[in-house]
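Everything on this sheet refers to the single structure shown next.
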Amino acid sequence: MTVDLLEIALRDPQPGAALVVERSDGHRSVTDLAWWRRDPAARPPTDTEILDWVKPGQAVADVGCATGRHLEILRGRGITAVGVDSCATAVAFATAHGLIAIHADATVWFPPEPVDVITALGGGLGICGTLDQLGDWLAHLARWVGPTGRLLVTSVDWRGPGHAAWGEAAQSRDAYPGEVTLRLRYRDQVGDWFPWLWVDPPTLHVHAQKAGLTMVKTMAWGAKYAAELRKEPLP
């Protein structure tokens with residue numbers, strides 16, 4: 001039976017423990033859930049700055065909306081947004097705060113009508129799992145937006161700080177270093193391994209073009225980055 005550690009962490013009556021993301025080689029990073037739980041003392045993740053790229057009056061769909069914090073920020077700016085997430089407890093948090101969030105698998109879901117902007121922050125681009133699936137995933141998302149729509153996505157650049165040894169090891173066996181296997185840890189519980197994709201900007205640029213999208217700008221912080229992909233109008 002698959003254990004959803006995000007569900008367990010969000011339901012924890014004594015929150016405070018970190019949600020740890022572990023890579024198959026032992027590399028670990030920590031996700032602080034305090035902000036997602038609406039702790040007023042918690043600082044938002046850096047990638048929330050990307051929401052400044054959304055213009056007033058645009059409709060937004062947020063991939064992997066979790067507890068709805070991105071939706072909340074957008075609502076505060078008068079921007080209509082709907083979120084989708086596979087974690088039922090996270091979606092319940094969002095709807096309890098009056099936000100529009102759908103419990104669904106984003107890889108097969110479509111918004112009820114086209115939106116202007118898709119946000120996939122927190123590394124949400126990696127949901128597709130492998131480089132072979134990236135093109136189909138981008139094409140699927142591109143169908144959510146109108147003819148001039150945009151995708152605002154984030155990922156980890158495996159060439160960046162802290163990942164050099166991992167990248168070299170993967171390349172030595174002719175594997176794409178951005179195809180990683182991860183699992184979650186929370187307190188004394190350990191989740192199942194799952195595939196995730198960390199795509200570097202040049203590779204994203206190539207796959208985006210094949211899906212009818214143009215990379216128009218990026219912003220980086222450490223090994224992480226955000227990219228704006230714009231839908232190309234049909235000739």
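Here the sequence shown is numbered in full-length UniProt numbering, starting from 1 and rising by one per residue. Note that CB positions come from ideal geometry on N, CA and C, so glycine has one too.
For residue i, three-class secondary structure by DSSP
| i | result |
| --- | --- |
| residue 153 | strand |
| residue 133 | helix |
| residue 103 | strand |
| residue 166 | helix |
| residue 33 | coil |
| residue 41 | coil |
| residue 223 | coil |
| residue 91 | helix |
| residue 229 | strand |
| residue 77 | coil |
| residue 190 | strand |
| residue 62 | strand |
| residue 206 | helix |
| residue 178 | coil |
| residue 114 | coil |
| residue 85 | strand |
| residue 148 | strand |
| residue 96 | helix |
| residue 139 | helix |
| residue 1 | With a pLDDT of only 48 at residue 1, under the threshold of 50, the placement of this residue in the model should not be trusted; the figure read from the coordinates follows. Looking at residue 1 - three-state DSSP - the assignment turns out to be coil, as it is neither helix nor strand. |
| residue 67 | coil |
| residue 121 | coil |
| residue 215 | strand |
Contact belief for residue i with residue j at Cβ below 8 Å, rounded distance in angstroms
| i | j | result |
| --- | --- | --- |
| residue 214 | residue 197 | In fact, because the Cβ distance is near 20 Å, the residues do not count as touching under 8 Å. |
| residue 226 | residue 152 | 7 Å |
| residue 134 | residue 179 | The Cβ separation is near 10 Å, so there is no contact. |
| residue 195 | residue 129 | 4 Å |
| residue 71 | residue 51 | Not quite, the Cβ-Cβ distance comes to about 10 Å (not below 8 Å), so this is no contact. |
| residue 144 | residue 110 | 6 Å |
| residue 62 | residue 83 | 4 Å |
| residue 193 | residue 203 | Rounded, the Cβ-Cβ distance is 23 Å, inconsistent with contact. |
Per-residue burial, residue i [other beta carbons within 10 Å of its own, 16 or more giving buried]
| i | result |
| --- | --- |
| residue 5 | buried |
| residue 146 | exposed |
| residue 162 | exposed |
| residue 29 | exposed |
| residue 231 | buried |
| residue 221 | exposed |
| residue 149 | buried |
| residue 199 | buried |
| residue 224 | buried |
| residue 101 | buried |
| residue 45 | buried |
| residue 9 | buried |
| residue 155 | buried |
| residue 54 | buried |
| residue 25 | exposed |
Residue span of the alpha helix (DSSP H) that contains residue i, given as start and end
| i | result |
| --- | --- |
| residue 248 | There is simply no residue 248 to check, as the chain begins at 1 and stops at 235 in what is shown. |
| residue 9 | 5 to 11 |
First and last residue of the uninterrupted beta strand (DSSP E) at residue i
| i | result |
| --- | --- |
| residue 23 | 19 to 23 |
Exercise. Is the region 129 to 144 close to the region 200 to 208, with three or more CB pairs under 8 Å?
Worked result: Note that the region 129 to 144 touches the region 200 to 208; at least 3 beta-carbon pairs, one per stretch, sit closer than 8 Å.
Exercise. Touch check for the region 177 to 189 and the region 19 to 30: three-plus C-beta pairs under 8 Å?
Worked result: Three or more Cβ pairs closer than 8 Å define a contact, and the region 177 to 189 meets that threshold against the region 19 to 30.
Problem set entry | At least three beta-carbon pairs within less than 8 Å, the region 47 to 62 to the region 78 to 98 | Result yes; three or more Cβ-Cβ pairs closer than 8 Å.
For this session: Could you say if the region 30 to 42 and the region 108 to 118 meet the contact criterion of at least three C-beta pairs nearer than 8 Å?
Result: Because the criterion of three Cβ pairs below 8 Å is not met, the region 30 to 42 and the region 108 to 118 do not touch.
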